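Undergrad: Got a structure for you, written out below as structure tokens; questions coming shortly.
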Amino acid sequence: MTISRRAGGAAATLSMLLLVLTGCGNSEPATAPDRPAEGNVLDSADVLTTAEEQSLNALIEERNISTDGARVAVLTVENAGGSIEDYARSVANEWEVGDAGADNGVLVVADTAERELRIETADGVRQQFSDDEAAVVIEDVLEPAFADEQYAEGLTEAVEQIYLHADGQEPVQEPFNWALLAWVVGGITALLGIIISAITVDSRRHRRVADAEIREAEEKDPTFRLTEEQRKAYRKYRYSNRGDDAVNYPPTWLPLYIANPALYSGASTGTQAGSSFGGGGGFTGGGASGKY
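Here the sequence shown stands for residues 215 to 506, numbered as in my numbering.
Listed below in structure tokens is the structure:
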């Protein structure tokens, strides 16, 4: 009888242990997605239109060029899995949001399945943008906007306020007119669409020029061939370097590119200058969370 009771007690203990372990397993955050190949916004939850995402990207790039106070990235997901704090910190470190050594990164995360929000801040930026101020942005900007499904408007205003705080400025605290912001964002989106269309036409024209230069070089020397990666790099270089001093003969360009890819691929110009991913770190749990 004693043995039976002991066996029963051991079985119960084992069952409880398995339940605890299973519960812990369910709370594991989801794997961090790859950071955006271009821009600073990853809309995995698909709550933004293409134009809205481009507009938000343009805002972040503009602020990154004009200030060193913060480097902001935005992520929307359908399910972060477990703690949104752990998930946001994991993604921020994985993406290396911020500048190396500056700890000035900020990651804004929205989990649409759990209706949770998180602003994750690196230690350096917390000197100007405190956890309490992050909580205010969550409560006064993101929560009401997301509750009304005004995703683009909420993220735009939140990003603006984060950069203002990081620059030591105090955002104006007043009842926010979401209808007005929607109208402004709509106008900016339309203007951005026109600009993007013009850039696309210009980019295609210069791509044709670069391809013609490559064909001419290959016809002159049948042994000369560029890989697909080198072709893309040459097109970027020619688009970014159009002056008389630019190298416009692929056989001359190739050894220069091999010696210094960053300089001879156009990678150091354009959106790269406004990137929020500069090898940053220092994410130790700062920021604020909320629900909508």
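Glycine included, C-beta positions come from ideal geometry on N, C-alpha and C.
Fair warning: this is a prediction, and the values are worked out from it, not measured in the lab.
Opposite K505 in the DSSP bridges: which residues?
TA: Counting from 1 along the sequence shown, the entry for residue 505 is found at position 291. Partner(s): E330.
Undergrad: Would you report the Cα separation of I333 and E430, rounded to the nearest angstrom?
TA: The residue given as residue 333 occupies position 119 in the sequence shown. The residue given as residue 430 occupies position 216 in the sequence shown. If I take the Cα positions, the gap works out to 52 Å.
Undergrad: In this structure, does DSSP put V286 in helix, strand or coil?
TA: Taking the sequence shown and counting its residues from 1, one reaches residue 286 at position 72. Strand at V286.
Undergrad: Measuring alpha carbon to alpha carbon, tell me which residue in Y377, D260, A287 and T326 is nearest F491.
TA: Position 277 of the sequence shown, counted from the start, is the residue given in the question as residue 491. Out of Y377, D260, A287 and T326, A287 has the C-alpha closest to the C-alpha of F491.
Undergrad: Helix, strand or coil for V339 per DSSP?
TA: Here residue 339 refers to the residue found at position 125 of the sequence shown. The answer is helix: DSSP assigns V339 an H, G or I state.
Undergrad: Just the C-alpha distance for R449 and G400, rounded to the nearest angstrom, thanks.
TA: To locate residue 449, count along the sequence shown from 1; it is residue 235. To locate residue 400, count along the sequence shown from 1; it is residue 186. Each residue's alpha carbon lies about 33 Å from the other.
Undergrad: Are G501 and T370 closer than 8 Å when you measure CB to CB?
TA: Mapped onto the sequence shown, residue 501 falls at position 287. Mapped onto the sequence shown, residue 370 falls at position 156. Their beta carbons are not under 8 Å apart, which means G501 does not touch T370 by this criterion.
Undergrad: How is the beta strand (DSSP E) around V305 delimited, first residue to last?
TA: For the purposes of this step, residue 305 is identified with residue 91 of the sequence shown, where counting begins at 1. From DSSP, V305 is part of no beta strand (DSSP E) but of the alpha helix (DSSP H) over I298 to W309.
Undergrad: Quick one, which of G494, S489 and T281 has its alpha-carbon nearest L378's?
TA: Against the sequence shown, residue 378 aligns to sequence position 164. With distances taken between Cα atoms, L378 lies closest to T281.
Undergrad: Alpha carbon to alpha carbon, what distance is there between G495 and R314?
TA: As a position in the sequence shown, residue 314 is number 100, starting the count at 1. As a position in the sequence shown, residue 495 is number 281, starting the count at 1. The sequence shown places Ala at residue 314, rather than the Arg named in the question. Distance between the alpha carbons of A314 and G495: 7 Å.
Undergrad: According to the Cβ coordinates, are T290 and T326 closer than 8 Å?
TA: Stepping through the sequence shown from its first residue, residue 290 is reached at position 76. Stepping through the sequence shown from its first residue, residue 326 is reached at position 112. The answer is yes: Cβ separation under 8 Å.
Undergrad: How would you label Y478, buried or exposed, when you count the other beta carbons within 10 angstroms and need 16 or more for buried?
TA: Working through the sequence shown from its first residue, we reach residue 478 at position 264. Buried is the call here.
Undergrad: Report yes or no: do the segment 459 to 468 and the segment 431 to 442 share at least 3 C-beta pairs separated by less than 8 Å?
TA: Output reads yes: the segment 431 to 442 touches the segment 459 to 468.
Undergrad: Would the beta-carbon of V320 fall within 8 Å of that of V350?
TA: On the sequence shown, position 106 is the one that residue 320 refers to. On the sequence shown, position 136 is the one that residue 350 refers to. No, these two residues do not count as a Cβ contact at 8 Å.
Undergrad: Can you list, in chain order, the residues of its chain with a C-beta nearer than 8 Å to that of W309? Leave out the 5 residues immediately preceding and following it.
TA: Sequence index remark: in the sequence shown, residue 309 carries index 95 (1-based). Contacts found: A246, R249, A287, L321 and F491.
Undergrad: With a CB to CB cut of under 7 Å and the five nearest residues on each side skipped, what residues in its chain are close to N271?
TA: Taking the first residue of the sequence shown as 1, we reach residue 271 at position 57. Excluding positions up to five away in sequence, the list reads G253, N254 and V255.
Undergrad: Locate the alpha helix (DSSP H) running through G368, then write down its first and last residues.
TA: Residue numbering aside, residue 368 sits at position 154 when the sequence shown is read from its first letter. Where G368 is concerned, the enclosing alpha helix (DSSP H) stretches over Y365 to A380.
Undergrad: Closest to Y365 by C-alpha separation, out of E266, G504, N474 and G499, would be which residue?
TA: Your numbering for residue 365 matches position 151 in the sequence shown. If we check each option's Cα against that of Y365, E266 comes out closest.
Undergrad: For S269, count neighbouring Cβ atoms within 10 angstroms of its own Cβ and tell me buried if that reaches 16, exposed if not.
TA: Residue numbering aside, residue 269 sits at position 55 when the sequence shown is read from its first letter. By the neighbour-count rule (16 or more Cβ atoms within 10 Å), S269 is buried.
Undergrad: Would E353 and G493 be called neighbours here (beta carbons separated by less than 8 Å)?
TA: Here residue 353 refers to the residue found at position 139 when the sequence shown is read from its first residue. Here residue 493 refers to the residue found at position 279 when the sequence shown is read from its first residue. Result no, Cβ atoms of E353 and G493 do not sit closer than 8 Å.
Undergrad: Do we get a CB-CB distance below 8 Å when we pair A294 with the residues of chain D?
TA: Given the protein chain composition of this structure (a single chain), no chain D is represented.
Undergrad: Could you tell me which of F360, D300 and Q383 sits nearest to A284, measuring between CA atoms?
TA: Counting from one through the sequence shown, the residue named residue 284 turns up at place 70. Among F360, D300 and Q383, the Cα nearest to that of A284 is on Q383.
Undergrad: Give me, in chain order, the residues of the same chain whose beta-carbon lies closer than 7 Å to that of A306; leave out the 5 immediate sequence neighbours on both sides.
TA: Looking up residue 306 in the sequence shown gives position 92. Closer than 7 Å at the Cβ level, and outside the excluded window around A306, lie G319, L321, E334 and F497.
Undergrad: Roughly how many whole angstroms lie between the Cα atoms of Y301 and F438?
TA: Within the sequence shown, residue 301 is the residue found at index 87, counting from 1. Within the sequence shown, residue 438 is the residue found at index 224, counting from 1. Taking the straight line from one Cα to the other gives about 48 Å.
Undergrad: Give the straight-line distance between the Cα atoms of D345 and I298, rounded to the nearest whole angstrom.
TA: Within the sequence shown, residue 345 is the residue found at index 131, counting from 1. Within the sequence shown, residue 298 is the residue found at index 84, counting from 1. When rounded, the distance between both Cα atoms is 16 Å.
Undergrad: Any idea what DSSP makes of V255, helix, strand or coil?
TA: Numbered from 1 along the sequence shown, position 41 holds the residue referred to as residue 255. Correct three-state label for V255: strand.
Undergrad: Would you call Q375 buried or exposed, if buried means 16 or more other Cβ atoms sit within 10 Å of its Cβ?
TA: Here residue 375 refers to the residue found at position 161 of the sequence shown. The residue is buried, with at least 16 neighbouring Cβ atoms inside 10 Å.
Undergrad: Who are the near neighbours of E436 in its chain, counting only those whose CB is closer than 8 Å to its CB and skipping five residues on each side?
TA: Position 222 of the sequence shown, counted from the start, is the residue given in the question as residue 436. The residue you asked about is not Glu; residue 436 is Pro in the sequence shown. Hits under 8 Å: none found.
Undergrad: Taking 8 Å as the cut-off, decide whether the C-beta atoms of I279 and G488 are in contact.
TA: Looking up residue 279 in the sequence shown gives position 65. Looking up residue 488 in the sequence shown gives position 274. Yes, the pair counts as a contact, with Cβ atoms nearer than the cut-off.
Undergrad: Check whether the Cβ atoms of R452 and A426 lie closer than 8 Å to each other.
TA: Residue 452 sits at position 238 when you count from the first residue of the sequence shown. Residue 426 sits at position 212 when you count from the first residue of the sequence shown. No, the Cβ-Cβ distance between R452 and A426 is not below 8 Å.
Undergrad: Taking V320 as part of the beta strand (DSSP E), name the residues at either end of that continuous run.
TA: The residue labelled residue 320 in the question sits at position 106 within the sequence shown. Looking at the DSSP string, the run of the beta strand (DSSP E) that includes V320 is G319 to D325.
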